[in-house]
Ligand SMILES: [Zn+2]
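Numbering (our numbering), first residue to last: 37 to 387.
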């Protein structure tokens, strides 16, 4: 069966509508052999006692956390059970076949001690694992700081629980991917075919001044040890005044067989030109994966010159944030394989 996009008359994606056609898009999405995978999804948690989650007071007041609460409609009462249930409900109702939820580890010193003061957020492996147990659509993206004294034990624990990859944000977790301390970590990932998803470019949700750690060039040590590395956001910038590392990312993606990128949060004005470049560079098509960066909100207005007003209005009406992000990127006409090819890597991860 072939999947097509259709919106109901009210703009919502109804269950039956999801598998039929829509005149305003009329786009073939994928055949039944391949999944549509959103491989870059964030969630937050607040329960420290039960799961070891943590959010700093400053982050709780930030625009990103407010947006997350708005998506889930949890403005008055925040609790982890509610967050899991509401997020999974949105996912179950969406056309996405699988979503990869990402844990975020805290800050550790070079001597391996946890630094609570510098940590803005922990979204624990236990929490993400618990979430993934409750939905067939949810995949486990673990996060382990490589300086942790128990880093390899924690990796082993996550692997045995089905972790698909390890997520890092080098700047906010204070990881230098070129540090020799990462070598045993890389050897473990390479041996067990577990991918590393590492943020590249300026990090906006968990800010600090260590953005230089997010340069794609710093991932070369992992690549040389044979790790499959995904550069989150493919090194692009979010704001014009920031430096974009897209060119460096592209050179590396073309050079290293084991280097990839994702197009999470690409439906925004500053990233349209990179999307265009990916489309017109066939050698990159097998190196890029689709992700929404939920709860980041897509801005389909960024694509208006290509998709026209009618499609823009249809996209604007979509309520489900997973669907909105997916159909927005789909509308730009990127190669189909980008939505599904991550599934091949999941299979090989579990081989
Ligand atoms: Zn992200």
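Every residue gets a Cβ at the ideal spot worked out from N, C-alpha and C, and that includes glycine. Just so it is clear, the structure is predicted and the values come from calculations on it, not from any experiment.
* Asked: Is any heavy atom of ligand 1 found at a distance shorter than 8 Å from the C-beta of residue 300?
  -> Under cutoff, so the answer is yes.
* Which of helix, strand or coil does DSSP assign to residue 208? -> helix
* Should residue 382 be labelled buried (16 or more other beta-carbon atoms within 10 Å of its own) or exposed? -> When all chains shown are included, residue 382 counts as buried.
* **Which of helix, strand or coil DSSP assigns to residue 304** => coil
* Taking 8 Å as the cut-off, is the CB of residue 329 close to at least one heavy atom of ligand 1? -> Answer for residue 329: yes, Cβ within range of ligand 1.
* For residue 239, is the classification buried or exposed, using 16 other Cβ atoms within 10 angstroms of its Cβ as the cut-off for buried? -> buried
* Asked: Which first and last residues belong to the beta strand (DSSP E) in which residue 175 is found?
  -> 174-178
* To do: For residue 161, count neighbouring C-beta atoms within 10 Å of its own C-beta (all shown protein chains included) and say buried if the count is 16 or more, exposed if not.
  => With at least 16 other beta carbons inside 10 angstroms of its own, residue 161 counts as buried.
* **residue 78 beta carbon less than 9 Å from that of residue 241** => yes
* **Burial state of residue 117 (16 or more Cβ within 10 Å)** => exposed
* Under the rule that 16 or more other beta-carbon atoms within 10 Å means buried, what is residue 269, buried or exposed? -> Around the beta carbon of residue 269, a 10 Å sphere encloses 16 or more other beta carbons of the protein chains shown; the residue is thus reported as buried.
* DSSP three-state assignment for residue 71, whether helix, strand or coil -> coil
* Asked: What is the DSSP secondary structure of residue 186, counted as helix, strand or coil?
  -> coil
* For the alpha helix (DSSP H) holding residue 344, just list the boundary residues, first then last. => 340-353
* Report the option in 331, 356, 340 whose CA atom is closest to the CA atom of residue 105. => 331
* Taking all protein chains shown into account, decide if residue 291 is buried (16 or more other Cβ within 10 angstroms of its Cβ) or exposed. => exposed
* Asked: Which one or two residues does DSSP pair with residue 91 in a beta bridge?
  -> 157
* Would you kindly work out how many angstroms separate the C-alpha atoms of residue 85 and residue 163, rounded to a whole number? => 11 Å
* Quick one: give me the first and last residue of the alpha helix (DSSP H) that residue 330 is part of. => Counting along the chain, residue 330 falls outside any alpha helix (DSSP H), and DSSP gives it neither H nor E.
* Could you give the residue range of the beta strand (DSSP E) that holds residue 265? -> 265-268
* Assuming residue 334 and residue 364 make a contact with CB atoms under 8 Å, what is their CB distance in whole Å? -> Taking 8 Å as the upper bound for CB-CB distance, residue 334 and residue 364 are in contact here, some 4 Å apart.
* Asked: With 16 other CB atoms within 10 Å as the buried threshold, where does residue 358 fall?
  -> buried
* Asked: Do residue 262 and residue 294 have their C-beta atoms within less than 9 Å of each other?
  -> yes
* Please determine, among 232, 215, 220, the residue with the shortest C-alpha to C-alpha distance to residue 189. => 220
* Determine contact between the region 271-281 and the region 224-233, defined as no fewer than three beta-carbon pairs at a distance below 8 Å. => no
* To do: Indicate whether the contact test is met: 3 or more Cβ pairs, each with one atom in the region 123-130 and one in the region 85-102, closer than 8 Å.
  => no
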